[in-house]
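Worksheet for the structure shown next.
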Amino acid sequence: MIIRIFGFEKKSYKMKKSFRVLKFSLVYFFTIALFSISIQACKQQEPKEKIVYPSTDLVAASIIPQPLKVKATHSAFGLDTNTTIYSKDFDKIGAYLSEAIQEKTALTIAINKEVKSDRTIYIQQLESNENEKEGYTLNISNDSLVLSAQTAEGAFRGVQTIRQLIPELSNDTLADHKMWLIPTGQIIDKPNFGYRGFMLDVARHFFSVEELKKQIDILAYYKINILHLHLTDDQGWRIEIKSWPKLTEVGGLSEVDGGEGGFYTQEEYKELVAYAAERFITIIPEVDMPGHTNTASLSYPELNGNGKKLKQYTGTRVGFSTFDANKEVVYQFIDDVVREITAITPGPYFHIGGDESHVTKKKDYIHFVAKVEKIVQKHGKIMIGWDEITQSSIDSTTIAQHWSEEKNAIKAVKNGLKVILSPAKRAYLDMQYDKKSKYGLHWAAYIPVDTAYQWIPEMHIEGVPKESILGIEAPLWSETISNNEELEYLAYPRLIGYAELGWTSKENLDWEHYKKRLKAQQYFLESKDIKYYPTKLIDWKK
Ligand code: TNX
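Each residue of the sequence shown is one higher than the one before, counting from -16 in the numbering used here.
What follows is the structure in structure tokens.
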């Protein structure tokens, strides 16, 4: 080869020269190529950003309700301005999370955009054979936070957990900008009960749509999925019924202690239903009957069955009014009311009250409840009634809401009905915390924050097993409260405990552990201007 080259060299100087040029350009080319390959390689190895994460602990995170399973891997996901959300499967939920992050941290997080991002929050739909409508899984590592759920509802519940995992303040890392450290690990979660409710009595005192929206946002944060509205009572009628307009013209104008009352137009009610639905909360309308009907009969005296002259009532006694269970016009009235309300209520339930009908003859009560059940069913809804309805012969698809007599709940179960647990001694939010409480009653009990929390729904009544319990609900009657500040004094923090009793499996309910997590809610409560009762059982930050 060398000889050949020598020979070649000898042949001509010109050729020799051009060979040298070729050799030079080859070397030059390869050097440049090698150089740029090595630069590329270096680039790929270079970390996006050097972050030294402190060890954090997902198991110690203050999540309420406590999730089913939590595993910690002791590092962190840094939420910062370079984080993005990828949520093609559930885009609205991605947008909701981005907004919630902005509110808490002031970070603007891009959604579904092809932008450079160091860390990504993925929200994805997961197919599975198990029907876990509200279940979700979170897998959190240094550079990704993956929320998987079968349904948008499940993803929404998971987003609440993410919100709770974001610390209130940005942490110090070696990063040169603000970063909120979310502990790494895995959460597998699903609710113990599908029905987790809050009831508000808007009849004794009226609460506006705006006031309710604030409460709906708080319910969503703690994964409560039912808002039951007690819409009618002796002191007020709060929902427009177009075919019986005097209900609100007359009955909408009064409330306990002589306040001006109020009512929701059907448009306002629809707006409320939609606002709740966006947060995966179902509204259950209650029209209480045959008792608790003084305003209805005052508006239309032909409905009255108590034989006495009617007048506006602004006191707090119960059990003095009744419909006439033997008049056809009463059932025509109920048919119209149920028809109009169910037409604007997408949820599956209609609550007929049925409590404390002390001046209705027992046989009339039995007849009445059975007839009203058929009306509710005709309009395509499942009937719910307070536990007294079990005196009547009702269908096993109807639901009994236990508040007073355990024997009624047991009877319901024997007849194959599902039960909602709202035992007054444990779950009534209008009961005072103690003798010094500013608002509330105490006919059932004083309910301090620990008593409110320390009971296990599926072990509460012998003869009412878990399979028969639809869920739990905490009612707030409004004889002593008339605005959000007073409502919040009675509702918080107890309602947060009821949220946990509805969601968390009994093995994970623990007062000492809950107490620490409740203390950590102080930042959320104060940032949302929630006027909670600062119970001494919790060592709140001053
Ligand atoms: C009982 S609970 C009632 C309400 C009162 C409440 C006051 C139930 C079904 N009926 O009418 O507002 O007590 O705590």
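Positions of the beta carbon are idealized from the N, C-alpha and C atoms, including for glycine.
query                                                                                           : result
Residue interval of the alpha helix (DSSP H) (run including Glu82)                              : Asp74 to Thr88
Top-ranked residue by Cα proximity to Asn95, from Ile106, Glu238, Leu130 and Tyr252             : Ile106
Contact belief for Leu459 with Ala474 at Cβ below 8 Å, rounded distance in angstroms            : 6 Å
Rounded C-alpha distance that separates Thr167 from Glu456                                      : 33 Å
For Ile34 and Ser58, the rounded distance between their alpha carbons                           : 11 Å
Proximity test, Trp220 beta-carbon vs the ligand TNX heavy atom, cut-off 7 Å                    : no
According to DSSP, residues forming a beta bridge with Ala55                                    : Gly168
Asp184, enclosing beta strand (DSSP E) - first and last residue                                 : Tyr178 to Asp184
Check: Val301 C-beta below 7 Å from any heavy atom of the ligand TNX                            : yes
Endpoints, alpha helix (DSSP H) assigned at Leu130                                              : Careful: Leu130 lies outside any alpha helix (DSSP H), inside the beta strand (DSSP E) at Ser127 to Ala132.
Cutoff 8 Å; reference Thr518; Cβ partners in own chain excluding five residues on either side   : Tyr416, Pro431, Val432 and Pro476
Exposure of Ser510, with buried meaning 16 or more beta-carbon neighbours within 10 Å           : exposed
Near the ligand TNX: Thr470 beta-carbon under 7 Å from a heavy atom                             : For the record, residue 470 in the displayed sequence is Leu; it is not Thr. Flag unset: Cβ of Leu470 not near the ligand TNX.
For Ser81 and Ser488, the rounded distance between their alpha carbons                          : 30 Å
Beta carbon of Ile170 nearer than 8 Å to that of Lys52                                          : yes
Beta-carbon separation (whole angstroms), Leu90 vs Ile165, contact threshold 8 Å                : Their Cβ separation, rounded to whole angstroms, is 13 Å, which puts Leu90 and Ile165 out of contact at 8 Å.
Per DSSP, the bridge partner or partners of Arg221                                              : In the DSSP output, where bridge partners are listed per residue, Arg221 has none listed.
Residue range of the unbroken alpha helix (DSSP H) whose run includes Val192                    : Val192 to Tyr204
Beta-carbon proximity of Ser280 to Ser304, cut-off 8 Å                                          : yes
When Ser111, Lys71 and Glu110 are compared against Ala93, the one with the closest alpha-carbon : Lys71
Three-state secondary structure (DSSP) of Met272                                                : coil
Closer than 7 Å: Asp184 CB and nearest the ligand TNX heavy atom                                : yes
Reduced DSSP category for Gly368 - H, G, I as helix; E, B as strand; rest coil                  : strand
Helix, strand or coil at Leu351 according to DSSP, with G and I counted as helix                : First, the amino acid is wrong: residue 351 is Phe here, not Leu. Phe351 falls in the helix class under three-state DSSP.
Three-state class that DSSP yields for Phe303 in the structure shown                            : coil
Neighbour-count burial assignment, Glu136, 16 or more Cβ in a 10 Å radius                       : buried
Continuous alpha helix (DSSP H) stretch holding Gln249: start and end                           : Gln249 to Glu261
Simplified DSSP state of Tyr36, which is helix, strand or coil                                  : coil
C-alpha gap between Lys524 and Ala353, whole angstroms                                          : 53 Å
Gly242 and His188 closer than 8 Å at C-beta                                                     : yes
Endpoints, beta strand (DSSP E) assigned at Val447                                              : It is not in any beta strand (DSSP E) - Val447 carries neither H nor E in the DSSP assignment.
Buried or exposed (CB count within 10 angstroms, at least 16 for buried), Asn309                : exposed
Closer than 7 Å: Asp240 CB and nearest the ligand TNX heavy atom                                : no
Between the CA atoms of Ile199 and Ile123 - distance to the nearest angstrom                    : 28 Å
Test item: CB-CB of Val233 and Asn289 under 8 Å                                                 : no
Helix, strand or coil at Thr120 [DSSP, three-state]                                             : strand
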